[in-house]
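What follows is a short report on a single structure.
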Amino acid sequence: MMKRIIQIARKEFIQIRRDKGLLRMVAIAPLLQLLIYGYVVATDIRALPMAVLDHSASTESRRLIDRFTASGYFKLEEYVDSLNGAERQLNSGQSIVVLVIPEDYARNLRRGVRAKLQLLVDGTNSNIATIAIGYAGGAIAVENAEQLQQNIRRKGLRMIEAGIREEPRVWFNPSLRAINYMVPGIICVLLMEMTVPLTAFSLVRERERGTIEQLMVTPLRAEEVLIGKTIPYVLIGLGDASLILAAGTLWFGVPFPHNLGALLASTLLFIVVALSLGILVATFVQTQQQAALSAQFALVPNILLSGFMFPIESMPPAMQWFTTLLPMRYFLVIVRGIMMKGLGIFDLWHQLLPLAGLGIVIFVISWLRFRRIFG
Amino acid sequence: MRFPALRAIARKEFIQIRRDKATTYMVFVFPVMMLVLYGFGIRYDVKSVPMTVYDQDGTQESRQYIERFAHSPYFDVRHYVSNYRDLQRDIDRGEARIGLVVSVDFSRQIASRREAVVQVIVDGGDNNTATIAMNYVSQITQGYSSAIMVQQMEALLRQSNLTVPAIEVEPRIWFNPNLESVQFVVPGVIAIIMMIVGTVLTAVTIVKEKEQGTIEQIVSSPIGRYELMIGKVIPYAVLAYLDFLLIVVASYFLFGITIKGSLLLLLVTAFIYLIGVLGLGILISTTTETQMAAMLTAILVSMLPSILLSGFIFPIRQMPRFLQALTVVVPARYFIEILRDIYLKGLGPEYFWKETLYILLFGVATLVLAARRFEKKLG
Chain U
45 MMKRIIQIAR KEFIQIRRDK GLLRMVAIAP LLQLLIYGYV VATDIRALPM
95 AVLDHSASTE SRRLIDRFTA SGYFKLEEYV DSLNGAERQL NSGQSIVVLV
145 IPEDYARNLR RGVRAKLQLL VDGTNSNIAT IAIGYAGGAI AVENAEQLQQ
195 NIRRKGLRMI EAGIREEPRV WFNPSLRAIN YMVPGIICVL LMEMTVPLTA
245 FSLVRERERG TIEQLMVTPL RAEEVLIGKT IPYVLIGLGD ASLILAAGTL
295 WFGVPFPHNL GALLASTLLF IVVALSLGIL VATFVQTQQQ AALSAQFALV
345 PNILLSGFMF PIESMPPAMQ WFTTLLPMRY FLVIVRGIMM KGLGIFDLWH
395 QLLPLAGLGI VIFVISWLRF RRIFG
Chain W
-6 MRFPALRAIA RKEFIQIRRD KATTYMVFVF PVMMLVLYGF GIRYDVKSVP
44 MTVYDQDGTQ ESRQYIERFA HSPYFDVRHY VSNYRDLQRD IDRGEARIGL
94 VVSVDFSRQI ASRREAVVQV IVDGGDNNTA TIAMNYVSQI TQGYSSAIMV
144 QQMEALLRQS NLTVPAIEVE PRIWFNPNLE SVQFVVPGVI AIIMMIVGTV
194 LTAVTIVKEK EQGTIEQIVS SPIGRYELMI GKVIPYAVLA YLDFLLIVVA
244 SYFLFGITIK GSLLLLLVTA FIYLIGVLGL GILISTTTET QMAAMLTAIL
294 VSMLPSILLS GFIFPIRQMP RFLQALTVVV PARYFIEILR DIYLKGLGPE
344 YFWKETLYIL LFGVATLVLA ARRFEKKLG
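Chains as they are written, first to last, in the working numbering: chain U, 45 to 419; chain W, -6 to 372.
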């Protein structure tokens, strides 16, 4: 049996080796993604472009503007001199925030009357808008505290300094480096990207070309074909994952995981799940074109909804329930747990169990269907 | 270019698509599924961050302080623990991203008008969420602090006629006043779906002829390369455009998303975007020999950039310079900008004629490049 599996695997390897376009992509994919994800996702939101409409033009108003820009959260793009100018800034997207300081701002502050400001916010990107409003609130809170102290001192009163001090302690990733968080995620995405579509393709290809009949008349058994054909893709997946791990630790300085055994064991489990998913796709489609379309549409939810980019707990309950069907959701927690928290297999059983369970279900369904169609 | 030849190729492709019922279903079912999933699912505002509280003080003051977290939409206080070990376990398992430890002398310190200390333990794993959550903790703590201060100084402040706070800000949100992320996500989903359907299907369909050897038959016929390429692409152009219309209609009925600007402009710019999408698909098909390679290339050069480098979710301005430079060749970037201008801002062409021109240029450039490579290979 071993010999026949090796034969099939060899045939598949030869086909892959001949396909220069495929090899190129298999090599480029991990590095390109490390670059893009590493730098795009989870970058801090700073230097939001801001315009100012300063009707007050006073020392006070200038000090307020300084508060905004000095924080680093806002970058002064332009002074505008009318609401029309402000509108143009927001329309063109040149600024996403316009701070409107009314004429009586300084006068009100000096008289001790509450001064009102207006902040025009481009709500297109709801996330950025919320963050911008938060940052603006912070800048104004600082200015308010300053004002209060000044006033109290001016009246000859003493400030009461009671308050609460926070002692933040960041665990696991004390420097809050985005790349430390992204590398485990990219390993997961890449394994998914390489194994699911490629296995689906390699099986459907035999069917589309009619070579599956030739395989059927040989003494090969269904499981031999299946194992032999998937071995090369397991290796490609493992190879790409190691490449990411190496580049991440050597180039980006991500801490090397101590528990390599746990990482390897859980990665193998995940690859088996991903392969089963690929086989499942293959049993549902007839042509490679269909496989391509299904694979792409199957990948995107895993990228967007697995917790790779956005925290699952922020999603609405129905969607959180949906994410329990995504194998990547569990694997992500496992890889991040091993690489960032230094956890072992036994700490992660509550993620490994559902992943294995999901894997068994997918595997059994895909195996039954595979045997009926390819056997 | 001769139209009868073009028509013949397009007709052949149409017949092949029609026979392939599954593809047709997929082309119309997947986009709606995607719209629903992402419209409901993508919430990248940080909310209900799971939190575990260790209240060493256990007084009315400490409970008041903790209550502020429990009532905040940003936090979800799931567990109360009574030792550090349980706190650590919750954070290790990811059951809490934040651990709040209120020190044993919290209320005593406040009563004696000294500084009280709270410890905030943050799971720094997801640095983005961690930073935002820490900001929220600070906001709540500051709010509580200043409430205490104002309370303690109330008599003084009243005597001296001081307004607290001195400055008040009133945010006015334009374009998307309720800050619904769905409004922001849907235009991006339109651009991405058109990209997947247009690019992947065209790339694979041309490579299929190569893989199956039928391309030699076509090349040896009197059909020219432009006729072959365009003829093969027309059916997918029609499919991608129908998808676009489907999503526009579905997003209206499912999410109530209306177009503030001109519908005509939307239809025209989508058509121009289609040229860019199909051009990219054909170009991919000329650089690969197998459908498998074509699909993998399509994932890497069309799907991922359309999601990550297009401003779909991550603002381009916040990226490092070299990646910003890379976004120039991502047509989805321009189309998403146009879509948002039309959908959310209701702007006219004076704001996006440049973007439209870029897409057109990209489309023409990819088509010409593809045609030349095609000739070299087969000529």
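Idealized CB from N, CA, C, for every residue including glycine.
Query: When the Cα atoms are used, what is the spatial distance from R380/U to F118/U?; Result: 32 Å
Query: Could you check the C-alpha separation between F177/W and N169/U for me, to the nearest Å?; Result: 6 Å
Query: If you check the beta carbons only, do A325/W and A184/W fall under 9 Å apart?; Result: yes
Query: Taking the alpha-carbon positions, what's the G200/U to E187/U distance?; Result: 20 Å
Query: Restricting to Cα atoms, I'd like to know which of D48/W, S100/W, E54/W, L149/W is closest to L80/W.; Result: D48/W
Query: If you draw a straight line from the alpha carbon of P241/U to that of A335/U, how long is it in whole angstroms?; Result: 7 Å
Query: Quick check on W215/U - is its C-beta less than 9 Å from some C-beta in chain W?; Result: yes
Query: Is W365/U helix, strand or coil when you go by DSSP?; Result: helix
Query: Grouping DSSP H, G and I as helix and E and B as strand, with all else coil, what is W346/W?; Result: helix
Query: Rounded to whole angstroms, what is the Cα-Cα separation between L259/W and R165/W?; Result: 27 Å
Query: Inspect the beta-carbon positions of L120/U and V144/U and report whether they are closer than 9 Å.; Result: no
Query: Could you tell me if N76/W is buried or exposed, where buried requires 16 or more neighbouring beta carbons within 10 angstroms of its beta carbon?; Result: exposed
Query: Buried or exposed for W365/U, going by 16 or more other Cβ atoms inside 10 Å?; Result: exposed
Query: Could one say the Cβ of Y31/W lies closer than 9 Å to chain U's Cβ atoms, at least one of them?; Result: yes
Query: Who pairs with K119/U in a beta bridge, going by DSSP?; Result: P93/U
Query: Would you give the residue range spanned by the beta strand (DSSP E) that G281/U belongs to?; Result: Taken as a continuous stretch (DSSP letters only), G281/U belongs to no beta strand (DSSP E), being part of the alpha helix (DSSP H) at 266 to 294.
Query: Between I52/U, I80/U, A71/U, which has its C-alpha nearest A318/W's C-alpha?; Result: I80/U
Query: Would you identify the three-state DSSP class for G372/W, choosing helix, strand or coil?; Result: Because the pLDDT of G372/W is 48, which lies under 50, any placement of that residue in the model is unreliable, and the number read from its coordinates should be weighed accordingly. It is coil, neither helix nor strand.
Query: Kindly indicate if chain U contains any beta-carbon less than 9 Å away from that of E60/W.; Result: no
Query: Quick one: which chain U residues come within Cβ less than 7 Å of I35/W?; Result: L348, F354
Query: Go ahead and label T255/U buried or exposed: buried means 16 or more other beta carbons lie within 10 angstroms of its beta carbon, across all protein chains shown.; Result: exposed
Query: What residues of chain U sit near P158/W, judged by a beta carbon separation below 7 Å?; Result: N188
Query: Would L273/W and T192/W qualify as a contact pair, given that the criterion is a beta-carbon distance under 9 Å?; Result: yes
Query: I'd like to know if the stretch 374 to 391 of chain U and the stretch 305 to 321 of chain U are in contact, where contact means that at least 3 CB-CB pairs between them fall below 8 Å.; Result: yes
Query: Does the CB of T239/U have a neighbour CB from chain W at under 9 Å?; Result: no
Query: Within the continuous alpha helix (DSSP H) that includes T327/U, where are the two ends?; Result: 304 to 328
Query: Using C-beta distances below 8 Å, list every residue in its chain close to E108/W, excluding the 5 sequence neighbours before and after it, in chain order.; Result: Q102
Query: Closer than 9 Å by beta-carbon distance: list the chain U residues that pair up with F23/W, in chain order.; Result: L337, S338, Q340, F341
Query: With a threshold of 9 Å between beta carbons, is G87/W in contact with chain U?; Result: yes
Query: For I352/W, which residues from the same chain have a beta carbon less than 7 Å from its beta carbon, with the 5 sequence-adjacent residues on both sides left out?; Result: I265, Y266, G269, P324, Y327, F328
Query: Can you pull the chain W neighbours of K160/U, defined as C-beta to C-beta under 9 Å?; Result: I160, E161, V162, E163
Query: Below 8 Å CB to CB, which residues in the same chain sit around F354/U once its five sequence neighbours on both sides are set aside?; Result: L348
Query: Taking only beta-carbon positions, decide if R249/U is within less than 9 Å of chain W.; Result: yes
Query: Straight-line CA distance for I199/W to L235/U?; Result: 28 Å
Query: Spatial neighbours of E147/U within its chain, please: CB distance less than 7 Å, with the 5 preceding and 5 following residues excluded, ordered by chain position.; Result: H99, S100
Query: Tell me the DSSP bridge mates of E220/W?; Result: Note: E220/W sits in no beta bridge, so no partner.
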